[in-house]
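Residue numbers (this note's numbering): 2 to 654.
For every residue, glycine included, the Cβ atom is placed at its ideal position computed from N, Cα and C.
Single-structure report; data block below.
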């Protein structure tokens with residue numbers, strides 16, 4: 002029970018108990034106790050004022066404050082902590098073990114990340130005559146004059162455990178979060194991952210900034226390009242949902258691995274992967290941060306960055322007691338992490354370590370809007386569509402996706418609008434392994450569209466709005482010349498401005514890049530101005546538009562050969578294709594598949610052929626590989642969805 006000491010108490014005067022204070026104020030003892038201990042939120046202002054007046058009139062001083070003024074040792078220290086559930090639990094265990102060993106009482110104060118609670122606990126510990134405090138602050142708080150550290154005063158021993166630098170004369174312990182994230186990304190890079198995502202907490206918090214710096218450092222040292230589309234910043238206090246939402250975004254951007262800022266975030270990644278039927282680690286590698294009990298409970302077990310939280314909690318208390326007993330200040334100790342690799346990490350899917358030459362594709366990106374109608378409308382007629390679907394398209398995008406799905410190392414150069422369709426097309430490229438560094442989001446024009454009417458009889462008509470494709474200029478190509486320093490083959494089509502195509506051809510000549518031309522659509526274009534084009538691949542219709550007249554297909558193929566093309570391939574649909582060059586004239590049969598939809602046949606053929614050339618196959622082998630890809634494609638519906646991947650190709654090879 003608290004007692005009241007009068008000024009004459011030291012000379013033996015009588016004392017008044019808290020019961021007397023309650024009687025004088027006309028309230029209960031419990032009500033007085035609440036006011037004395039700052040737990041009076043449910044007490045009216047009038048009652049609080051009356052009690053405080055009685056206390057003031059009688060110079061009441063609680064017993065604990067008298068003890069403090071007398072300088073008595075309390076054998077009590079405080080731990081004010083704002084830490085995640087996992088780290089906080091281990092911290093407290095370590096701190097309690099050290100306090101028990103040294104026969105000290107430990108008051109543990111969880112702040113829930115609230116600065117107001119930090120200040121309140123500091124005041125309470127002072128009032129209780131705690132001999133010192135270990136402070137693990139809110140990671141997002143700033144060091145200002147009104148913070149508890151500044152209020153504590155120089156005479157109160159303190160150890161601060163924080164990533165940030167402490168005051169020069171303050172004991173300071175710091176976990177190396179930057180090194181922890183560096184080790185996480187390094188582990189993934191060593192497995193062969195290049196599309197490594199990062200999901201962390203708010204990047205205005207010092208520990209999260211440190212993790213982000215470690216992520217970037219590891220990318221740089223492993224020669225992996227930094228891609229801001231692979232970064233997701235979760236909101237404070239919503240780690241699992243942040244991991245879930247972040248994983249959905251990063252998976253759509255083609256991430257094969259994700260380094261997370263906590264084990265709880267990693268659980269959110271697991272949930273998103275399960276929802277999309279993405280297997281860990283076969284299709285996605287994940288690493289957590291903190292190495293909590295969660296890691297051994299999830300399936301597959303979670304790899305994680307481990308910090309010695311228990312040991313650092315123990316060390317912090319020992320450092321505080323050393324400061325109390327020996328007045329030693331100003332030391333700093335850094336706790337280093339380690340990484341525990343479990344079942345959530347593996348090499349990226351279908352990784353092929355054989356050398357490959359790279360491919361640039363310069364062309365169009367369109368969103369196809371496909372309307373199923375009973376018949377093709379006549380002039381002035383209004384009809385109702387039976388079904389409407391959107392599908393990623395455009396000759397350039399189709400060929401880039403086709404090459405990416407076959408494992409080609411592909412750069413796409415194109416232009417989309419800064420709109421929903423543009424982002425969908427961009428994400429489709431990334432998801433299929435295409436480097437979209439050369440794709441620009443246009444602020445003036447929308448993404449190109451192809452409006453396709455398909456009747457019940459299979460008839461169709463198409464209206465194309467080129468949109469942003471029309472602004473794929475030679476200036477854009479010039480700004481992307483660095484890509485041509487990286488590639489050995491360049492594939493172009495005719496759905497972009499003619500000046501840009503000619504400029505790209507000039508770049509290819511200067512940089513010894515092999516130019517492959519798909520003349521689709523074969524509009525009015527001077528095809529004889531490509532000097533030493535490596536390959537041109539028209540179909541029968543395109544060949545007739547390029548070279549009108551009564552000559553045979555073979556004669557026209559040789560005519561193209563004489564226009565400075567090194568090789569000519571004429572695709573003949575179900576009849577296969579014809580190759581003509583200086584050394585040979587050879588027909589190839591089409592792959593034996595039942596045709597369902599021929600929309601993407603030519604795109605599949607040329608992308609497969611180009612990938613095979615980039616992998617070192619000769620032209621004959623490349624044609625057979627492209628023919629197989631086209632055969633698989635026509636047996637399926639749709640454009641990009643019908644393009645085969647490497648696994649499908651292996652089944653038929």
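Burial state of residue i, where buried means 16 or more other Cβ atoms lie within 10 Å
{"i": "residue 197", "result": "buried"}
{"i": "residue 117", "result": "exposed"}
{"i": "residue 132", "result": "buried"}
{"i": "residue 275", "result": "exposed"}
{"i": "residue 221", "result": "exposed"}
{"i": "residue 31", "result": "exposed"}
{"i": "residue 585", "result": "exposed"}
{"i": "residue 349", "result": "buried"}
{"i": "residue 444", "result": "exposed"}
{"i": "residue 601", "result": "buried"}
{"i": "residue 421", "result": "exposed"}
{"i": "residue 71", "result": "Low per-residue confidence applies at residue 71: pLDDT is 47, beneath 50, and the placement is therefore not dependable enough to give any value."}
{"i": "residue 278", "result": "exposed"}
{"i": "residue 78", "result": "buried"}
{"i": "residue 216", "result": "buried"}
{"i": "residue 339", "result": "exposed"}
is_contact[residue i, chain B] using C-beta, thresh 8 Å
{"i": "residue 179", "result": "Absent here is chain B; the protein component of the structure consists of one chain."}
Boundaries of the beta strand (DSSP E) in which residue i is found, first to last residue
{"i": "residue 515", "result": "515-518"}
{"i": "residue 234", "result": "232-234"}
{"i": "residue 43", "result": "Where residue 43 is concerned, there is no enclosing beta strand (DSSP E), given that its DSSP letter is neither H nor E."}
{"i": "residue 367", "result": "367-374"}
{"i": "residue 456", "result": "449-456"}
{"i": "residue 288", "result": "286-290"}
{"i": "residue 1", "result": "The structure shown does not extend to residue 1, since the chain is modelled only from 2 through 654, so no value can be given for it."}
{"i": "residue 227", "result": "Element bounds for residue 227: n/a, residue is neither H nor E."}
{"i": "residue 159", "result": "159-162"}
{"i": "residue 471", "result": "Residue 471 -> no beta strand (DSSP E), and no H or E assigned at all."}
{"i": "residue 307", "result": "304-307"}
Under the three-state DSSP convention, the category residue i falls into
{"i": "residue 187", "result": "helix"}
{"i": "residue 250", "result": "helix"}
{"i": "residue 345", "result": "coil"}
{"i": "residue 29", "result": "coil"}
{"i": "residue 115", "result": "coil"}
{"i": "residue 95", "result": "helix"}
{"i": "residue 299", "result": "coil"}
{"i": "residue 540", "result": "strand"}
{"i": "residue 490", "result": "strand"}
{"i": "residue 535", "result": "strand"}
{"i": "residue 143", "result": "The predicted model places residue 143 with a pLDDT of 46, which falls under 50 and marks its position as unreliable; any figure quoted below should be read in that light. In the structure shown, residue 143 sits in coil (DSSP, three-state: anything other than H, G, I, E or B)."}
{"i": "residue 203", "result": "coil"}
{"i": "residue 241", "result": "helix"}
{"i": "residue 79", "result": "strand"}
{"i": "residue 463", "result": "strand"}
{"i": "residue 361", "result": "strand"}
{"i": "residue 512", "result": "coil"}
{"i": "residue 197", "result": "strand"}
{"i": "residue 293", "result": "coil"}
{"i": "residue 340", "result": "strand"}
Sub-8 Å separation of residue i and residue j beta-carbons
{"i": "residue 656", "j": "residue 181", "result": "No answer is possible for residue 656: it lies beyond the span of the chain, which begins at 2 and ends at 654."}
{"i": "residue 440", "j": "residue 359", "result": "no"}
{"i": "residue 473", "j": "residue 497", "result": "yes"}
{"i": "residue 135", "j": "residue 93", "result": "no"}
{"i": "residue 230", "j": "residue 243", "result": "no"}
{"i": "residue 310", "j": "residue 95", "result": "yes"}
{"i": "residue 295", "j": "residue 264", "result": "yes"}
{"i": "residue 321", "j": "residue 267", "result": "no"}
{"i": "residue 610", "j": "residue 592", "result": "no"}
{"i": "residue 255", "j": "residue 640", "result": "no"}
{"i": "residue 287", "j": "residue 192", "result": "no"}
{"i": "residue 225", "j": "residue 190", "result": "yes"}
{"i": "residue 119", "j": "residue 160", "result": "no"}
{"i": "residue 568", "j": "residue 620", "result": "yes"}
{"i": "residue 604", "j": "residue 637", "result": "no"}
Residue interval of the alpha helix (DSSP H) (run including residue i)
{"i": "residue 320", "result": "310-327"}
{"i": "residue 258", "result": "Run containing residue 258: none in the alpha helix (DSSP H); it sits in the beta strand (DSSP E), 258-261."}
{"i": "residue 479", "result": "475-480"}
{"i": "residue 271", "result": "264-276"}
heavy atom of the ligand ZN below 7 Å from residue i C-beta
{"i": "residue 595", "result": "For the structure depicted, the ligand ZN is absent and the ligand set is empty, with no information on it obtainable."}
Item to check | Whole beta strand (DSSP E) elements within the segment 378-446, 3-residue minimum | outcome: Runs of the beta strand (DSSP E) inside the segment 378-446: 388-394, 411-418, 435-443.
Item to check | Any alpha helix (DSSP H) of 4 or more consecutive residues that is wholly inside the segment 587-652 | outcome: Correct list: 602-615, 620-635.
Next on the checklist: Give the list of continuous beta strand (DSSP E) stretches no shorter than 3 residues that lie fully inside the segment 546-588.
Outcome noted: Listed in chain order, the complete beta strand (DSSP E) runs (minimum 3 residues) inside the segment 546-588 are 566-572, 578-582.
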